[in-house]
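First the structure, in the form of structure tokens, and then the observations on it.
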Amino acid sequence: MSQTQDSIFTKIIKREIPADIVYEDELAIAFKDVNPQAPIHILVVPKQPIAKLSDAESQDHRLMGHLLLTVKRVAEQAGLVNGYRTVINTGPEGGQTVFHLHIHILGGRPMGWPPG
Ligand code: DGP
């Protein structure tokens, strides 16, 4: 993807395409995954369009910490009191399909290990 082209998640942030948004603040947004893999499947996404985890820089440390605390907040809000799985797919071999950093929150059923 070219640097000038908005990702699908930037289009959601800009309200150019619809999404079921469950949380938003100045740094991050969270919305339901369009293709849920569990009864609860939410994506936590930075507004800053970092393409993937391996592109994050040390200067992004505040944002990266904020994303994890946002996961905790959103999971609590979703009622996931018995736990949940968090996933960050990175790059083609990591199974990443949308190149705008995001943390999956999966819950509402027991999770297996190892993952596929
Ligand atoms: P990943 O494979 O980790 O890059 O996950 C991308 C996820 O994004 C995938 O589970 C499906 C979800 N997704 C893709 N396009 C859209 C969309 O337009 N809206 C929403 N809500 N989710 C999307």
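Count along the sequence shown from 1, add 503, and you get the number used in the working numbering.
Cβ atoms here follow ideal geometry from the backbone N, Cα and C, with glycine treated the same way.
None of the values given here were measured: they were computed from a predicted structure.
Item to check | beta-carbon Ala522 near the ligand DGP non-hydrogen atom, thresh 6 Å | outcome: What you label residue 522 is simply residue 19 of the sequence shown in a count that begins at 1. Correct: Ala522 has its Cβ closer than 6 Å to the ligand DGP.
Item to check | Identified DSSP bridge partners for Lys535 | outcome: Counting from one through the sequence shown, the residue named residue 535 turns up at place 32. Beta-bridge pairing links Lys535 to Ile545.
Checklist entry - Hey, would you say His607 sits closer than 7 Å to Val584, going by beta carbons? => result Along the sequence shown, one-based indexing puts residue 607 at 104. Along the sequence shown, one-based indexing puts residue 584 at 81. No. Outside cutoff.
Checklist entry - Is Asp558 near the ligand DGP, judged by its Cβ being under 6 Å from some heavy atom? => result Within the sequence shown, the letter at position 55 stands for residue 558. No, the beta carbon of Asp558 sits no closer than 6 Å to any heavy atom of the ligand DGP.
Checklist entry - Between which two residues does the beta strand (DSSP E) carrying His603 extend? => result Counting from 1 along the sequence shown, the entry for residue 603 is found at position 100. His603 -> no beta strand (DSSP E), and no H or E assigned at all.
Checklist entry - Rounded C-beta distance between Leu546 and Asp536? I'm assuming under 8 Å. => result Taking the first residue of the sequence shown as position 1, residue 546 is located at position 43. Taking the first residue of the sequence shown as position 1, residue 536 is located at position 33. Between Asp536 and Leu546 the Cβ distance is about 5 Å, and since that is below 8 Å, they are a contact.
Checklist entry - Does the pairing of the region 550-557 with the region 593-613 give three or more beta-carbon distances under 8 Å? => result yes
Next on the checklist: Excluding the 5 residues flanking Ile524 on each side, which residues of the same chain have their C-beta closer than 8 Å to its C-beta?
Outcome noted: By 1-based counting over the sequence shown, the position of residue 524 is 21. So the list reads Ile515, Ile532, Ala533, Phe534, once near-sequence residues are dropped.
Checklist entry - What does Thr479 pair with, by DSSP beta-bridge criteria? => result In this structure the chain extends from 504 to 619, so residue 479 is not present and cannot be described.
Checklist entry - Which of the three DSSP states, helix, strand or coil, is assigned to Met504? => result Residue mapping note: residue 504 aligns to position 1 of the sequence shown, counting from 1. Unreliable positioning characterises Met504 in this predicted model, as indicated by a pLDDT of 45, which lies under 50. A coordinate reading is not provided.
Next on the checklist: What would DSSP say about Ile524, mapped onto helix, strand or coil?
Outcome noted: One-based indexing of the sequence shown puts residue 524 at position 21. DSSP places Ile524 in strand when its eight states are reduced to three.
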